[in-house]
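Peer 1: Shown below is the structure under consideration.
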Amino acid sequence: MKRDDTIAAGDHTTAGGSARARTPQQKDNSMTASTGLGTPRTASPELLRSVFRQHAAGVAVITAHGARPVGFTATSLTSVAADPPLLSFGIGTGASSWPAVSEAEHIGVHILGEHQQELAATFARSGADRFGPATSWRTGPEGVPLLDGVLAWLVCRVVARVPAGDHRIVLAQPVVGDPAGPGRPLLYHQGRFNALRD
1 MKRDDTIAAG DHTTAGGSAR ARTPQQKDNS MTASTGLGTP RTASPELLRS VFRQHAAGVA
61 VITAHGARPV GFTATSLTSV AADPPLLSFG IGTGASSWPA VSEAEHIGVH ILGEHQQELA
121 ATFARSGADR FGPATSWRTG PEGVPLLDGV LAWLVCRVVA RVPAGDHRIV LAQPVVGDPA
181 GPGRPLLYHQ GRFNALRD
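Take the sequence shown: its letters are residues 1 to 198, numbered as in full-length UniProt numbering.
Put into structure tokens, the structure is as follows:
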């Protein structure tokens with residue numbers, strides 16, 4: 001087996017065309033396209049969706065309290081900074097939860113476990129009774145709706161809402177939380193909720 005940074009004498013071809021032999025000290029930094037990459041497509045909303053179907057993401061539910069409790073399933077949750085602690089998530093401005101999230105001073109962030117696929121689907125489904133009898137929840141700090149049985153939760157103070165196309169990126173600072181729920185995380189991949197596999 002050859003090392004990555006060498007080509008054996010007489011080996012002058014690659015999948016994308018020709019290559020010259022290198023000494024062990026030289027590296028080929030060319031950007032030769034591989035024939036296995038397929039045909040490039042011009043950037044579009046569908047291309048972005050297709051690419052991100054290949055990206056496995058953790059599943060969270062974001063909640064807020066407006067005139068009534070609201071919430072939605074999010075796969076865009078990201079840890080932004082540790083000091084001060086900051087996180088972000090995206091929400092469409094046409095989403096039913098956006099009016100409450102756009103005015104909320106505090107929001108709830110819930111990391112779902114693999115046993116909560118139905119909960120994730122409920123909070124993703126348009127028109128669903130998200131806080132109905134099938135959802136176990138309580139009012140938490142700052143009046144934020146907290147879901148029971150999750151892997152972890154945070155109550156966060158909203159610090160910014162940044163315009164990003166037809167969405168807003170919400171930046172929030174955790175105030176209080178609990179990371180101690182049992183189980184393994186729920187993932188979203190190829191348009192489906194999935195369990196983590198080793």
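No residue lacks a Cβ here, since even glycine has one placed at the ideal position from N, Cα and C.
1) Is it buried or exposed, Gly92, if we count other Cβ atoms within 10 angstroms and call 16 or more buried?
2) Starting from the N-terminal side, write out each stretch of the beta strand (DSSP E) that is 3 residues or longer and does not extend beyond the segment 96 to 162.
3) Ala120 and Val59: beta carbons closer than 8 Å?
4) Out of Gly149, Gly191, Pro145 and Ala180, state which residue places its alpha-carbon closest to the alpha-carbon of Phe72.
5) According to the neighbour-count rule (16 or more other Cβ atoms, all chains shown, within 10 Å of its Cβ), is Thr135 buried or exposed?
6) Could you tell me which residues DSSP pairs with Val176 in its beta bridges?
7) Could you check which residue in Leu48, Gln54 and Pro40 has the C-alpha nearest to that of Gln190?
8) Any idea which residues DSSP pairs Arg192 with across the strands?
9) Mind reading off the beta-carbon distance from Leu186 to Ala56? Whole number of angstroms is fine, and I expect it under 8 Å.
10) Taking the C-alpha atoms as reference points, what is the distance between Ser102 and Arg184?
11) Does the contact criterion of 3 or more C-beta pairs under 8 Å hold for the segment 62 to 69 versus the segment 39 to 53?
12) Buried or exposed for Ala180, going by 16 or more other Cβ atoms inside 10 Å?
Peer 2: The structure says:
1) Burial call: exposed.
2) Here the runs fully enclosed are 106 to 111, 137 to 139 and 145 to 147.
3) yes
4) Pro145
5) buried
6) Val155.
7) Gln54
8) His189
9) Rounded, the Cβ-Cβ distance is 11 Å, inconsistent with contact.
10) If you take the alpha carbons of Ser102 and Arg184, they lie about 31 Å apart.
11) no
12) exposed
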